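Engineer: When we follow numbering that gives the first Met the number 0, the leftmost residue of the sequence shown carries the number 0, and every step to the right adds one.
The beta-carbon is built from N, C-alpha and C at its ideal position, and this holds for glycine as well.
Nothing here was measured: the structure is a model prediction, and the numbers come from that model.
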Amino acid sequence: MANQEGIGAQVQINDLLILAAERARGYVRDVAERRVEPSKAAVTALAELQESFPQSPNDPGEVIAKLDQIGSAATVATTGGRYFGFVNGGMVPAALAANWLAAAWNQNAALRVMSPIGAELEEVALRWVCEALGLPPECEGGLVTCATMANFTALVTARHALLARAGWDVTADGMFGAPPLDVVVGAEAHASILKALSLAGFGSKRVTIVEADGQGRMRANKLPPLSERTIVCIQAGNVNTGAFDPAAEICKAAKEQGAWVHVDGAFGLWARISRKYEHLTRGFDQADSWATDAHKWPNVGYDSGLAIVRDGTALRASMGITAAYLEAGSRREPMHHTPEASRRARGVELWAALKSLGKSGLCSLIERTCAHAQRFAAGFREAGFTVLNDVVINQVLVSFGRPEVTREVIRRVQEEGTCWCGGTVWQEKTAMRISVSSWATTETDVEHSLRAILRIASECPAI
Ligand SMILES: *Cc1c(COP(=O)(O)O)cnc(C)c1O
């Protein structure tokens with residue numbers, strides 16, 4: 000028999016979920032039309048949140064109303080179609096809706112016994128990801144927060160595998176006194192690789208840096224001598240230019256010497272799903288490990304990093320833990336594949352996004368965003384501005400002249416609010432960086448954004 004309090008709580012949670020859904024629907028409805036960077040007033044209003052810790056309960060309905068009132072206005076509209084910052088993806092509708100259901104489930108995806116659905120969806124989604132990326136079906140992987148953690152997970156696994164081959168158990172005996180390993184990175188590697196190397200005990204400076212070309216591609220003919228004690232970190236999709244390292248050549252050279260090749264493919268690896276980009280992505284399947292993000296190009300929503308390793312035994316040897324009460328079942332156990340134990344069931348949104356898109360939907364998302372990037376590049380060139388990179392996928396770097404001018408254009412574009420683009424310095428040249436990474440971007444969004452940027456650029460020529 001339910002007591003009064005229990006019934007009351009049920010009624011309240013029902014109303015609360017309806018209230019939250021209404022407010023979320025309002026946000027989704029308006030996000031495509033609103034300014035992309037939040038207004039100064041909305042950001043200033045965040046100060047209202049700096050109150051002292053409430054000493055007594057507040058009505059949950061009022062909590063949610065306040066969250067929407069102050070919070071929604073102070074978000075960056077990354078899920079609309081005119082956000083081109085960093086390489087931040089949007090979120091496909093199925094992922095958003097699945098996220099709501101998953102929140103109601105509140106599953107801990109550490110072990111299968113804690114969440115059969117969490118474990119099952121991870122397994123299925125990982126298999127689909129390997130198929131989408133054209134990676135060997137025997138690969139195993141873990142669902143982590145982001146590409147930085149995925150790089151870390153893969154590099155710790157590489158460390159374990161190479162040292163095991165040298166007769167050293169790094170997982171038990173640590174790095175002190177271990178046979179030294181060499182690490183090779185390209186001159187335009189993403190900073191997260193260096194962070195992951197430092198976390199994994201390699202040190203971010205104790206690396207051999209290989210010269211890169213004008214697009215940021217590692218020069219394969221400049222590789223140092225490799226051995227079975229070398230980890231070579233290559234890149235699928237430079238965060239500025241979108242360029243791909245020559246994976247086929249590098250993997251061949253590495254394989255001959257028994258070196259380990261790790262791929263940072265945070266977004267670029269997804270281009271492998273399209274036949275159009277086959278020429279760029281050739282050879283990446285020959286590597287030993289891969290890091291990627293499903294919250295970038297596939298629009299799965301945060302947070303959704305993936306570490307994938309060819310040698311599953313090495314992954315489990317470096318990530319698995321044993322404790323009497325954590326006995327693994329006979330099937331894949333999520334927590335033996337990641338640094339984390341307790342965590343949310345990330346596989347839910349990943350599965351829902353991939354299930355709703357299918358192979359052709361994902362391929363069309365990738366190709367559509369690349370076509371939008373081409374349109375941006377053409378628009379800038381027609382207006383007489385310099386596009387600094389070969390626009391091979393979804394990344395465009397444009398200069399509006401002297402560095403101060405480009406920086407001012409970026410500042411004004413962000414402030415004006417039609418769209419949002421960030422800045423970068425590419426091989427000593429200051430540039431605006433446009434990353435078309437959202438499923439929601441339409442041709443109209445691109446035309447509006449292009450017009451706004453060109454108008455602003457024409458208004459500030461004389462700085
Ligand atoms: C975005 C990116 C990263 C880092 O991704 P996070 O998910 O933010 O950790 C690493 N490498 C490349 C090439 C990237 O584009």
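#1: Please tell me whether Gly25 and Thr440 are closer than 9 Å, where the distance is taken between their beta carbons.
#2: Among residues of its own chain, excluding the 5 on either side of Ala199, which ones have a beta-carbon nearer than 8 Å to its beta-carbon?
#3: Using only the heavy atoms of ligand 1, determine whether one of them is closer than 8 Å to the beta carbon of Thr147.
#4: Out of Leu16, Ser71, Glu121 and Glu32, point me to the one whose CA is closest to Trp99's CA.
#5: Contact defined as beta carbons within less than 8 Å: I believe Leu349 pairs with Ala265. What is the distance between those atoms, to the nearest angstrom?
#6: Would you check if the stretch 234 to 242 and the stretch 388 to 400 touch, i.e. whether three or more CB-CB distances between them fall below 8 Å?
#7: Which one or two residues does DSSP pair with Leu225 in a beta bridge?
#8: Within 10 angstroms of its Cβ, does Tyr82 collect 16 or more other Cβ (buried), or is it exposed?
#9: Quick test of the definition: if touching needs 3 or more C-beta pairs under 8 Å, does the stretch 396 to 410 touch the stretch 130 to 141?
#10: Below 8 Å on the Cβ atoms is my contact criterion, and I expect Lys295 with Val35 to pass it. Report the Cβ-Cβ distance as a whole number of Å.
#11: Between Ala370 and Lys358, what straight-line distance do the alpha-carbon atoms span, to the nearest angstrom?
#12: Flag this pair as yes or no: are the beta carbons of Arg410 and Thr423 separated by less than 9 Å?
#13: Return the bridge partner residues of Lys428 from the DSSP annotation.
#14: In this structure, how does DSSP classify Asp416 when only helix, strand and coil are distinguished?
#15: Let me make sure I understand the geometry here. Which of Pro37, Lys65, Gly60 and Pro56 has the alpha-carbon closest to that of Asp47?
#16: Since Ala290 is in the beta strand (DSSP E), which residue starts that stretch and which ends it?
#17: Have a look at Asn2 and Asp58 and give me their C-alpha separation to the nearest angstrom.
#18: Can you tell me which of Ser197, Ser363 and Ile233 puts its alpha carbon nearest to the alpha carbon of Ser273?
#19: For Met148, name the three-state secondary structure that DSSP assigns.
#20: Jot down the residue ranges of each uninterrupted beta strand (DSSP E) in the stretch 242 to 330, minimum 3 residues, whole runs only, in chain order.
#21: Does DSSP classify Leu16 as helix, strand or coil?
#22: Below 8 Å, can you find three or more Cβ-Cβ pairs linking the stretch 303 to 317 to the stretch 135 to 151?
#23: Between Thr337 and Gly141, how many whole angstroms is the CB-CB distance? I'm expecting something under 8 Å.
#24: Looking at Ala103: is its Cβ nearer than 9 Å to the Cβ of Ile63?
#25: Is the Cβ-Cβ distance between Ile249 and Leu222 less than 9 Å?
#26: Quick test of the definition: if touching needs 3 or more C-beta pairs under 8 Å, does the stretch 372 to 380 touch the stretch 441 to 455?
#27: When the Cβ atoms of the stretch 330 to 346 are set against those of the stretch 113 to 125, are three or more pairs found closer than 8 Å?
#28: Taking the CB atoms as reference points, tell me whether Ser288 and Val260 lie closer together than 9 Å.
#29: Cβ atoms of Ile320 and Ala340: under 9 Å apart, would you say?
#30: Using only alpha-carbon positions, find the residue among Lys354, Asn13, Lys251 and Gly185 that is nearest to Leu125.
#31: I believe Val435 touches Ala352 by the beta-carbon criterion, under 8 Å. Please report the beta-carbon distance rounded to the nearest angstrom.
#32: Under a three-way DSSP split, which group does Gln234 fall into?
#33: Heavy atom of ligand 1 less than 8 Å from the Cβ of Ile455, yes or no?
#34: How many angstroms separate the CA atom of Val42 from the CA atom of Leu95?
Structural biologist: Answer, in terms of the structure:
#1: Here residue 25 corresponds to residue number 26 of the sequence shown, with the count starting at 1. Here residue 440 corresponds to residue number 441 of the sequence shown, with the count starting at 1. Contact: no.
#2: The residue labelled residue 199 in the question sits at position 200 within the sequence shown. Only Phe151, Leu154, Val155 and Arg158 meet the Cβ criterion.
#3: Numbered from its first residue, the sequence shown carries residue 147 at position 148. Yes, Cβ of Thr147 sits closer than 8 Å to a heavy atom of ligand 1.
#4: The residue labelled residue 99 in the question sits at position 100 within the sequence shown. Trp99 has its Cα closest to that of Leu16, out of Leu16, Ser71, Glu121 and Glu32.
#5: Along the sequence shown, read from residue 1 onward, the residue named residue 349 stands at position 350. Along the sequence shown, read from residue 1 onward, the residue named residue 265 stands at position 266. About 15 Å separates the two Cβ atoms, so there is no contact after all.
#6: With a cut-off of 8 Å, the stretch 234 to 242 and the stretch 388 to 400 count as touching, because enough Cβ pairs lie within range.
#7: For the purposes of this step, residue 225 is taken as the residue at position 226 of the sequence shown. Answer is none; Leu225 lacks a bridge partner.
#8: Residue numbering aside, residue 82 sits at position 83 when the sequence shown is read from its first letter. Burial call: buried.
#9: Touching, no.
#10: Counting from 1 along the sequence shown, the entry for residue 295 is found at position 296. Counting from 1 along the sequence shown, the entry for residue 35 is found at position 36. The Cβ separation is near 18 Å, so there is no contact.
#11: As a first step, residue 370 must be located in the sequence shown, where it is residue number 371. As a first step, residue 358 must be located in the sequence shown, where it is residue number 359. Near 18 Å, if we compare the C-alpha coordinates of Lys358 and Ala370.
#12: For the purposes of this step, residue 410 is identified with residue 411 of the sequence shown, where counting begins at 1. For the purposes of this step, residue 423 is identified with residue 424 of the sequence shown, where counting begins at 1. The answer is no: Cβ separation not under 9 Å.
#13: By one-based count along the sequence shown, residue 428 stands at place 429. In the DSSP assignment, Lys428 forms a beta bridge with Trp425.
#14: Counting from one through the sequence shown, the residue named residue 416 turns up at place 417. It is Gly, not Asp, that sits at residue 416 in the sequence shown. In the three-state reduction of the DSSP assignment, Gly416 falls in the coil class, being assigned neither a helical nor a strand state.
#15: Residue 47 sits at position 48 when you count from the first residue of the sequence shown. Residue 47 is actually Glu in this sequence, not Asp. Ranking Pro37, Lys65, Gly60 and Pro56 by Cα distance to Glu47 puts Lys65 first.
#16: Walking along the sequence shown from the start, residue 290 turns up at place 291. Unbroken beta strand (DSSP E) run through Ala290: Ser288 to Asp292.
#17: Here residue 2 refers to the residue found at position 3 of the sequence shown. Here residue 58 refers to the residue found at position 59 of the sequence shown. Residue confidence is low: Asn2 scores 48 on pLDDT, short of 50, so the model does not pin down where it sits. Its coordinate-derived value is still stated next. The alpha-carbon atoms of Asn2 and Asp58 are separated by roughly 20 Å.
#18: Position 274 of the sequence shown, counted from the start, is the residue given in the question as residue 273. For the options Ser197, Ser363 and Ile233, the alpha carbon positioned closest to that of Ser273 is the one of Ser363.
#19: Residue mapping note: residue 148 aligns to position 149 of the sequence shown, counting from 1. In this structure, Met148 counts as helix in the three-state DSSP scheme.
#20: For the stretch 242 to 330, whole beta strand (DSSP E) runs of length 3 or above, ordered along the chain, are 259 to 263, 288 to 292 and 304 to 308.
#21: Taking the first residue of the sequence shown as position 1, residue 16 is located at position 17. Under the three-state reduction of DSSP output, Leu16 falls in the helix class.
#22: Enough Cβ pairs lie closer than 8 Å, so yes.
#23: Working through the sequence shown from its first residue, we reach residue 337 at position 338. Working through the sequence shown from its first residue, we reach residue 141 at position 142. Their Cβ separation, rounded to whole angstroms, is 4 Å, which keeps Thr337 and Gly141 in contact under 8 Å.
#24: In the sequence shown, residue 103 corresponds to position 104, counting from 1. In the sequence shown, residue 63 corresponds to position 64, counting from 1. At the C-beta level, Ala103 and Ile63 stay beyond 9 Å of one another.
#25: Indexing the sequence shown from 1 puts residue 249 at position 250. Indexing the sequence shown from 1 puts residue 222 at position 223. Yes, the pair counts as a contact, with Cβ atoms nearer than the cut-off.
#26: As far as the Cβ criterion goes, the stretch 372 to 380 touches the stretch 441 to 455, which means the pair count is three or higher.
#27: Touching, per the Cβ criterion.
#28: The residue labelled residue 288 in the question sits at position 289 within the sequence shown. The residue labelled residue 260 in the question sits at position 261 within the sequence shown. Yes, they are a contact pair.
#29: Here residue 340 corresponds to residue number 341 of the sequence shown, with the count starting at 1. Here residue 320 corresponds to residue number 321 of the sequence shown, with the count starting at 1. It is a contact, given that the beta carbons lie within the stated cut-off.
#30: For the purposes of this step, residue 125 is identified with residue 126 of the sequence shown, where counting begins at 1. Closest in C-alpha terms to Leu125, from the list Lys354, Asn13, Lys251 and Gly185, comes Lys354.
#31: Taking the sequence shown and counting its residues from 1, one reaches residue 435 at position 436. Taking the sequence shown and counting its residues from 1, one reaches residue 352 at position 353. Contact check for Val435 and Ala352: beta-carbon distance about 18 Å, past the 8 Å limit, so the pair fails to qualify.
#32: One-based indexing of the sequence shown puts residue 234 at position 235. Three-state result, Gln234: strand.
#33: To locate residue 455, count along the sequence shown from 1; it is residue 456. No; taking the cut-off as 8 Å, the Cβ of Ile455 has no heavy atom of ligand 1 nearer than that.
#34: Numbered from its first residue, the sequence shown carries residue 42 at position 43. Numbered from its first residue, the sequence shown carries residue 95 at position 96. Each residue's CA atom was taken as its position, placing Val42 and Leu95 some 25 Å apart.
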